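With positions in the sequence shown counted from 1, the corresponding number in the numbering used here is that position plus 983.
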Amino acid sequence: MRSSPPPSLPGPAGPLVKRPRLPRLLRLHRLPNRGGRAWRRLAGVVLALAVIAGCTWAAVVVPGPDWARWVLAGTALTVAAGSVLAVLIGPAARRLAGENAPLSAAERAQMTATDRIKAINAARHTLVQAATGLVVIGGVVFTTQGLWYTAESLSTARQAQLVAVQGQRLAEQGQITDRYTKAVEQLGSAKTDVRLGGIYALQRLAADSPATRTPIRQVLAAFVRGHDTCTPPPGQETTSLPKQCTTPGGKSLASLPSARPGADVLAALAIAPALSTRQAEGNAWRADFSGVRFPRANLSGTNLYGAKLRNANLWGADLSGARMSYADLSRANLVGAKLHEARVSFANLSGANLFDVDLSGAYLHTADLSGAMLWSANLRNANLRSAGLRGADLRDIRGVTAQEVREKAVVNEFTRFS
């Protein structure tokens, strides 16, 4: 028994016209269309994955210029972002809206003109949003790539700069080594002018390279010790030494004229203390002239600041106006020496032999003269403030009274005045 169709209900403008039902054959055509869309989607996903994987592999493994790697990486990121965006505005949006599949052709045919216009506008809006999203994602991707590339370029430039700086330092060190070697070789020359040139070359090298100050100071100090007045040159006998080295002390030695050392020795004697630094511990900062022999030598005005002159033989030497602050002159022989207006503040003169020495006008502030022999010394106008004279022999001193010494200097019960 066939069922009769339901009656048409009246609408606001007339009776509601019922749309005819589609034939069963037309309703079944959705299945193959849906299957075709599924295959196309699957093919698109596979293609996108293949492009992403291929570009990524080529950017990482295949050798090539940096710009090509950046292009491949950007392409992979763009395709990945576009695929994600397509999923979001397509299947994902329909799922959220409660639609499991897109409209079929029959369902689109039943749409009114207004519905079609709305659908077209909605599709246009979706396409515009998709295009905008792709542009934004592409901009972000390429901006990120640009920043990454800039960072890599800066890192590469920095590494290249470090390599260049290291190469420059190595080259400078090589030049310093060559200059040092040539200057030291000049010190062994038999000609005075060549040795003098080597000394001034070492002085210039110490100014250019502060790290070489200590070895240069030690080399110059050794040069002075090997070229003092009483050390014979290599290959010569002691019979060729000057008379002040072979004449016994006393009046016979005092009668000899004062002799000035060679220009090379004086230069090394002045430059080595100038390279001293108080940063080193102990006596490592001093120019070591210990044991040098300059009897009756004219060393007036010489700069011996902080120099180490232990056990030095400076018998009758002229050290007038010399700068000897912080110098170590302990147990030095300064008999009859002239230290007129010399600056000997904070110097160590403990145990030194200063018999008949001329210290008139000398600056002896805080100098250590403990146990020193100052018999018949001339201390006229000498600055003895805080000078240490514990146990010193001050018999027959001249130019100052014992009371004045006690008022200015530091003495004890072992200090002898008579």
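C-beta atoms are modelled at their ideal positions from N, C-alpha and C, and glycine is treated no differently.
Please read these numbers as outputs of a predicted model, since none were measured by experiment.
Local conformation of residue 1373 per DSSP, three classes: coil
Whole-number beta carbon distance between residue 1358 and residue 1341, since they are thought to touch under 8 Å: The Cβ separation is near 13 Å, so there is no contact.
Expected contact under 8 Å - CB spacing of residue 1311 and residue 1281 to nearest Å: That pair is no contact at about 22 Å.
Assigned secondary structure, residue 1146 (DSSP; H/G/I helix, E/B strand, else coil): helix
Sub-8 Å separation of residue 1255 and residue 1305 beta-carbons: no
Residue 1226, DSSP secondary structure in three states: helix
Cβ-Cβ distance between residue 1369 and residue 1384 below 8 Å: no
Cβ-based burial, residue 1149 [other Cβ within 10 Å; buried from 16]: exposed
Secondary structure, beta strand (DSSP E): runs of 3+ residues fully inside the region 1035-1063: none
As assigned by DSSP and simplified to three states, the class of residue 1321: strand
Cβ contact check for the region 1160-1176 and the region 1228-1243: 3 or more pairs under 8 Å: no
Local conformation of residue 1351 per DSSP, three classes: strand
Beta carbon of residue 1273 nearer than 8 Å to that of residue 1293: yes
Opening and closing residue of the alpha helix (DSSP H) in which residue 1182 lies: 1175-1191
Exposure of residue 1402, with buried meaning 16 or more beta-carbon neighbours within 10 Å: Examination of residue 1402 is not possible in this model, given that the chain is present from 984 through 1401 alone.
Residue 1041 to residue 1105 span [Cα, whole Å]: 39 Å
Rounded straight-line distance, which links the Cα of residue 1052 to that of residue 1201: 59 Å
Under the three-state DSSP convention, the category residue 1389 falls into: helix
Backbone secondary structure at residue 1346 - three-state DSSP: strand
Identity of the residues DSSP links to residue 1356 by a beta bridge: 1336 and 1376
Alpha-carbon to alpha-carbon, residue 1070 and residue 1030: 14 Å
Distance, residue 1119 Cα to residue 1037 Cα: 24 Å
CB contact flag (residue 1286, residue 1257, <8 Å): yes
Straight-line gap, residue 1332 to residue 1213 (C-alpha atoms, nearest Å): 23 Å
DSSP-derived helix/strand/coil call for residue 1279: coil
First through last residue of the alpha helix (DSSP H) which encompasses residue 1270: Premise fails: residue 1270 is in no alpha helix (DSSP H) and is neither H nor E.
Straight-line gap, residue 1191 to residue 1397 (C-alpha atoms, nearest Å): 51 Å
Distance CB(residue 1345)-CB(residue 1372) smaller than 8 Å: no
Proximity of residue 1334 and residue 1314 at Cβ, strictly below 8 Å: yes
Beta-carbon contacts of residue 1420 that lie in its chain and below 8 Å, excluding the five residues immediately before and after: Residue coverage of the chain in this structure runs from 984 to 1401, which leaves residue 1420 outside it and unanswerable.
CB of residue 1327 within 8 Å of CB of residue 1297, strictly: no
Beta carbon of residue 1343 nearer than 8 Å to that of residue 1366: no
8 Å Cβ cutoff met for residue 1303 and residue 1322: yes
Beta-carbon gap between residue 1250 and residue 1188 smaller than 8 Å: no
Where residue 1368 sits in the DSSP three-state scheme: coil
Residues near residue 1181 in its chain [Cβ-Cβ closer than 6 Å; skip 5 each side]: 1166, 1169 and 1170
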